[in-house]
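Novice: Taken in order, the sequence shown gives residues 997 to 1686; the numbers are from my numbering.
Positions of the beta carbon are idealized from the N, C-alpha and C atoms, including for glycine.
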Amino acid sequence: MADYLVIVESPAKAKTIGKYLGKKYIVKASMGHVRDLPKSQMGVNVEQNYEPRYITIRGKGPVLKELKTAAKKVKRIYLAADPDREGEAIAWHLAHSLNMDEHSECRVVFNEITKNAIKEAFKTPRQINMDLVDAQQARRILDRLVGYNISPLLWKKVKKGLSAGRVQSVAVKMIIEREKEIQSFNPEEYWNIQAQFLLGKESFDAKFYGLDGKKKELGSEEDVQHILSKLNSNRYNVTSVKRKERKRNPVNPFTTSSLQQEAARKLNFRAKKTMMIAQQLYEGVEIGKEGTVGLITYMRTDSTRISETAQQEARTYIIAAYGEEYTRQGKREVKSDKKAQDAHEAIRPTSVDKDPKTIKSYLSRDQYRLYKLIWERMVASEMAPAVMDTMSVDIEQNGVLFRATGSKIKFPGFMKVYIEGNDDGKKEEDRFLPNLEEGQTVEKDEIEPSQHFTQPPPRYTEARLVKTMEELGIGRPSTYAPTLDTIQRRGYVALEDKRFVPTELGEIVLELIVEFFPEILDVEFTAKMEGDLDSIEEGANEWVNIIDDFYRSFEKRLAVAEEEMKEVEIRDEPAGEDCEKCGHEMVYKMGRYGKFMACSNFPDCRNTKAIVKDIGVKCPTCKEGNIVERRSKKRRIFYGCDRYPECEFISWDKPIARPCPKCNSMLVEKKSKKGVHVECSSCDYREETN
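1) According to DSSP, is Ser1446 part of a helix, a strand, or is it coil?
2) Could you say which of Glu1043, Ile1109, Lys1015 and Leu1063 lies nearest to Met1027 if we only look at CA atoms?
3) Please say whether Lys1015 and Ala1025 have beta carbons closer to each other than 8 Å?
4) According to the Cβ coordinates, are Ile1314 and Val1375 closer than 8 Å?
5) Note down the Cα distance separating Asn1597 from Val1583, rounded to an integer number of angstroms.
6) If I'm right that Glu1101 touches Pro1121 with Cβ under 8 Å, what's the distance once you round it to whole angstroms?
7) So who's on the other strand from Met1662, going by DSSP bridges?
8) Looking only at its own chain, which residues have a Cβ that is under 7 Å from the Cβ of Ile1171, when we skip the five neighbours before and after it?
9) Suppose contacts are defined by Cβ-Cβ distances below 8 Å. Is Arg1373 in contact with Tyr1414 by that definition?
10) Would you check if the distance between the CB atom of Ser1549 and the CB atom of Gln1190 is smaller than 8 Å?
11) Beta-carbon within less than 7 Å of Glu1620's beta-carbon, same chain only, minus the 5 sequence neighbours each way: which residues are those?
12) How big is the Cα-Cα spacing for Ala1336 and Ile1146?
13) Which ranges would you report for the beta strand (DSSP E) in the region 1517-1570 if only whole runs of at least 3 residues count?
14) Report back the beta-carbon spacing between Gln1164 and Thr1479 to the nearest angstrom; my notes put them in contact at under 8 Å.
15) Check whether the Cβ atoms of Ala1342 and Thr1297 lie closer than 8 Å to each other.
16) I need the straight-line Cα distance from Val1004 to Ile1022, nearest angstrom please.
17) Note the first and the last residue of the continuous alpha helix (DSSP H) segment covering Leu1461.
18) Between the C-alpha atoms of Pro1430 and Arg1231, what's the straight-line distance to the nearest angstrom?
19) Can you check which of these residues, Glu1309, Glu1320, Tyr1318 and Tyr1358, is closest to Arg1344 by C-alpha distance?
20) What's the C-alpha gap between Lys1334 and Glu1533?
21) Taking the beta strand (DSSP E) that Ile1623 belongs to, which residues open and close that run?
22) Would you kindly work out how many angstroms separate the C-alpha atoms of Ile1302 and Phe1250, rounded to a whole number?
23) What does DSSP give as the partner residue(s) for Gln1190 in the beta ladder?
24) Quick one: measure Cβ to Cβ for Ala1259 and Leu1369, integer angstroms, because I've assumed they're closer than 8 Å.
25) Please confirm whether Cys1656 and Cys1676 have their CB atoms less than 8 Å apart.
26) For Cys1601, write down the residues that DSSP places opposite it in a beta bridge.
27) Return the chain-ordered list of same chain residues with a C-beta closer than 6 Å to the C-beta of Asn1622, the five sequence neighbours on each side being excluded.
28) Between the Cα of Val1168 and the Cα atoms of Glu1642, Leu1517 and Phe1181, which residue gives the shortest distance?
29) I think Glu1659 touches Cys1643, with their Cβ atoms under 8 Å apart; what is that distance to the nearest whole Å?
30) Could you give the distance in angstroms between the alpha-carbon of Ile1053 and the alpha-carbon of Phe1512?
31) Could you tell me which residues DSSP pairs with Val1497 in its beta bridges?
32) At a cut-off of 7 Å, is Ala1536 close to the ligand NAD when judged by its beta-carbon and the heavy atoms of the ligand?
33) Alpha carbon to alpha carbon, how far is Met1271 from Met1295? Give it in angstroms, no decimals.
34) Measuring only the C-alpha atoms, how far is Arg1472 from Glu1466?
35) From Leu1158, Val1042 and Leu1033, pick the residue whose C-alpha is nearest to that of Glu1503; which is it?
36) Report the partner residues of Gly1002 according to the DSSP bridge assignment.
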């Protein structure tokens, strides 16, 4: 019979930990929280110091019964939920549900699920940290007071089923404000002059830089013609050559935010998917004879530090794999962000020796790709800087100055393993220049002016929104993915081409919240509230005081809103066609996945249709229908025949209205990180487009 009961959140985690602890321990899963505020009512007594009323979560009765039965058979219970506020709150709720002494040393925490980490953690159990519990409790109560007061108001004034959250509303506001910036943007004209020069047979590119020694912007074609009029021969003088050696340092290991951003850039993962797969890697994966092994450290963190042991392990690996010269000299500088809680290490592999290639066969494709990203980033962070040879050359004729820049890798350093991605998806490449010297003459090969217009700020991708929220101090590592998921599920925003666009519903709701609850949407206020929650965790503030400071002014605004908020009628917009089933007019309606067409005779007629866009291409399968643009439930664009279901033609790539010149099959537009090109759907024909 076991002497000890260990309770964790998930069966996968229970299986991994149970393997390390031995027969005296029985490890069971609570399946997350067992208690929470009731869904059907506020559950917070405002008159009694905001006292929460917790109940057993529906469906968790059998789980609790099993835990209570197991608890009676053991000498001692350990609570080993995740090492963060949420985990601490789960442990506290379990202690209450099992009638444990919450002041006993029952709490066990570890940052990684490995044999050594587990053994060490169980040597030093501690009491439940009530500061952490109170910080989590304060967030939960604060969000409940906001959501359960504003949401019914929106049901009454706008439509049923709406909700308003504290952090979510700020995220929606950021997306809507960006959309307004884009719509009000006035593009400005500017010009570039690109030149190609020859030194012997070697050609290289340069760009117009300035006139008479000063940098000059070209705002019009007249400016360009003025510059070109000064160029009167094919020979240009090399007036300056600057050679430098530049060091480039590796980036830090992943935090939650940077992992979500990089997984979006390099793996095309949504934030929710990244966190789900990271959880699997943390809790443990079956690795052959080793059994279940936790492959990464805890994935909710805002720290970039790693342990001395992990650093040394990485150095040993780097020397063996790449040589002594590839290791970092001295300690990696870890900059402390004021907003960072720094409770855990950065996200790293639990063992650098588990090279992704050696365990690839045990992982799913997505697990392997994410693990490889984490492993490479951590190893690279302990490697030597890359050394780049850079060259800047000024080329002049009659006061007109062109500048050429080049660079090449002298020593790859960390770049041997990993290079950080960027939002535009462009890969870094060497830019070579000939061996130019001051006083040389080069020949003009070609000079080409080009007109451009400034572009509006881009819409937010998930990665960019997470990065901006982190910079502004909105939310914390555990909240980014749920926040992005919630605002999409509520229908306030949608993803189009992997970028957020606000919906009409989102704009209506935001307008009402801005008018009556401006502090909820104030970025500085929200960031300050996150700081206040952190101060509770640090023991510097009482949670009741933080909630009370907020609620006193919020309650007054709520009363004003109840009286003055006008009802908003979301009228159905005519779709311009009649229902083919009953003859009534079809109208546009707003649903969870955006707009769709529905019969105005609802509920007598329940006919609905997706909104489609004819792209002017005949169906290559049935030869009768037209290809139309549609959207999947996840808002992804695809193309299909308008005679569906009679014709089942479908394509994720956009067909174009001309056949392949090689085999007469359908041509499609293909998107890649380098841009858009046209290729045949059947043969190897391909053509580039501008």
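Specialist: The short version:
1) As a working mapping, residue 1446 is identified with position 450 in the sequence shown. Here DSSP, grouped into helix, strand and coil, assigns Ser1446 to strand.
2) Here residue 1027 corresponds to residue number 31 of the sequence shown, with the count starting at 1. Its Cα nearest to that of Met1027, the residue Leu1063 stands out among Glu1043, Ile1109, Lys1015 and Leu1063.
3) Start at 1 with the first residue of the sequence shown, and residue 1025 comes out as number 29. Start at 1 with the first residue of the sequence shown, and residue 1015 comes out as number 19. Cβ atoms of Ala1025 and Lys1015: not closer than 8 Å.
4) Translated into the one-based positions of the sequence shown, residue 1314 becomes position 318. Translated into the one-based positions of the sequence shown, residue 1375 becomes position 379. In this structure, Val1375 lies closer than 8 Å to Ile1314 by Cβ.
5) For the purposes of this step, residue 1597 is taken as the residue at position 601 of the sequence shown. For the purposes of this step, residue 1583 is taken as the residue at position 587 of the sequence shown. The straight-line gap from Cα to Cα measures roughly 10 Å.
6) The residue given as residue 1101 occupies position 105 in the sequence shown. The residue given as residue 1121 occupies position 125 in the sequence shown. Yes, they are in contact, since the Cβ atoms of Glu1101 and Pro1121 sit about 5 Å apart, within 8 Å.
7) Mapped onto the sequence shown, residue 1662 falls at position 666. According to the DSSP secondary-structure assignment, Met1662 is paired through a beta bridge with Pro1655.
8) In the sequence shown, counting from the first residue as 1, residue 1171 sits at position 175. Taken in chain order, the residues that qualify are Tyr1456, Val1489, Phe1496 and Pro1498.
9) Working through the sequence shown from its first residue, we reach residue 1373 at position 377. Working through the sequence shown from its first residue, we reach residue 1414 at position 418. In this structure, Tyr1414 lies closer than 8 Å to Arg1373 by Cβ.
10) As a first step, residue 1549 is located in the sequence shown; it is residue number 553 there, counting from the start. As a first step, residue 1190 is located in the sequence shown; it is residue number 194 there, counting from the start. Going by C-beta atoms, Ser1549 is not nearer than 8 Å to Gln1190.
11) Counting from one through the sequence shown, the residue named residue 1620 turns up at place 624. These residues qualify, in order along the chain: Arg1639.
12) Locating residue 1336 in the sequence shown gives position 340, where the first residue counts as 1. Locating residue 1146 in the sequence shown gives position 150, where the first residue counts as 1. Residue confidence for Ala1336 is low, a pLDDT of 47 falling below 50, so the modelled location carries little weight; the figure read from the coordinates is stated next. Approximately 30 Å between the Cα atoms of the pair.
13) If one requires a minimum length of 3 residues, no beta strand (DSSP E) run lies completely within the region 1517-1570.
14) The residue labelled residue 1164 in the question sits at position 168 within the sequence shown. The residue labelled residue 1479 in the question sits at position 483 within the sequence shown. At roughly 5 Å, the Cβ-Cβ gap stays under 8 Å, so Gln1164 and Thr1479 are in contact.
15) Within the sequence shown, residue 1342 is the residue found at index 346, counting from 1. Within the sequence shown, residue 1297 is the residue found at index 301, counting from 1. Yes, these two residues count as a Cβ contact at 8 Å.
16) Position 8 of the sequence shown, counted from the start, is the residue given in the question as residue 1004. Position 26 of the sequence shown, counted from the start, is the residue given in the question as residue 1022. Each residue's alpha carbon lies about 11 Å from the other.
17) Residue mapping note: residue 1461 aligns to position 465 of the sequence shown, counting from 1. Here the alpha helix (DSSP H) through Leu1461 covers Glu1458 to Leu1468.
18) By one-based count along the sequence shown, residue 1430 stands at place 434. By one-based count along the sequence shown, residue 1231 stands at place 235. Pro1430 and Arg1231: Cα-Cα distance of roughly 17 Å.
19) Taking the first residue of the sequence shown as position 1, residue 1344 is located at position 348. Ranked by Cα distance from Arg1344, the options Glu1309, Glu1320, Tyr1318 and Tyr1358 are led by Glu1309.
20) For this step, residue 1334 is matched to residue 338 along the sequence shown. For this step, residue 1533 is matched to residue 537 along the sequence shown. In this prediction, Lys1334 has a pLDDT of 48, which is less than 50 and means its spatial position is unreliable; what the coordinates show is noted afterwards. Approximately 15 Å, taken between the alpha carbons.
21) The sequence position of residue 1623 within the sequence shown is 627, counting from 1. First-last of the beta strand (DSSP E) with Ile1623: Asn1622 to Arg1627.
22) In the sequence shown, counting from the first residue as 1, residue 1302 sits at position 306. In the sequence shown, counting from the first residue as 1, residue 1250 sits at position 254. Each residue's Cα considered, the two are about 10 Å apart.
23) By one-based count along the sequence shown, residue 1190 stands at place 194. BP columns for Gln1190 point to Lys1203 and Glu1444.
24) As a first step, residue 1259 is located in the sequence shown; it is residue number 263 there, counting from the start. As a first step, residue 1369 is located in the sequence shown; it is residue number 373 there, counting from the start. At roughly 7 Å, the Cβ-Cβ gap stays under 8 Å, so Ala1259 and Leu1369 are in contact.
25) Counted from its first residue, the sequence shown places residue 1656 at position 660. Counted from its first residue, the sequence shown places residue 1676 at position 680. In contact: Cys1656 and Cys1676 (Cβ atoms closer than 8 Å).
26) For this step, residue 1601 is matched to residue 605 along the sequence shown. DSSP output for Cys1601 lists no bridge partner at all.
27) In the sequence shown, counting from the first residue as 1, residue 1622 sits at position 626. Excluding positions up to five away in sequence, the list reads Asp1610 and Asp1638.
28) For this step, residue 1168 is matched to residue 172 along the sequence shown. Comparing Cα positions, the closest option is Leu1517.
29) Walking along the sequence shown from the start, residue 1659 turns up at place 663. Walking along the sequence shown from the start, residue 1643 turns up at place 647. The question names Glu, but residue 1659 in the sequence shown is Cys. Rounded, the Cβ-Cβ distance is 22 Å, inconsistent with contact.
30) Numbered from its first residue, the sequence shown carries residue 1053 at position 57. Numbered from its first residue, the sequence shown carries residue 1512 at position 516. Between Ile1053 and Phe1512, the C-alpha separation is close to 33 Å.
31) The residue labelled residue 1497 in the question sits at position 501 within the sequence shown. Per DSSP, Ala1490.
32) The ligand NAD is not among the ligands present in this structure, which contains no ligands whatsoever.
33) Looking up residue 1295 in the sequence shown gives position 299. Looking up residue 1271 in the sequence shown gives position 275. One C-alpha to the other measures close to 8 Å.
34) The residue given as residue 1472 occupies position 476 in the sequence shown. The residue given as residue 1466 occupies position 470 in the sequence shown. The alpha-carbon atoms of Arg1472 and Glu1466 are separated by roughly 7 Å.
35) Looking up residue 1503 in the sequence shown gives position 507. If we check each option's Cα against that of Glu1503, Leu1158 comes out closest.
36) In the sequence shown, the residue the question calls residue 1002 occupies position 6. Sequence check: residue 1002 is Val here, not Gly. Residue pairing by DSSP places Val1002 opposite Val1023 and Tyr1074 in a beta bridge.
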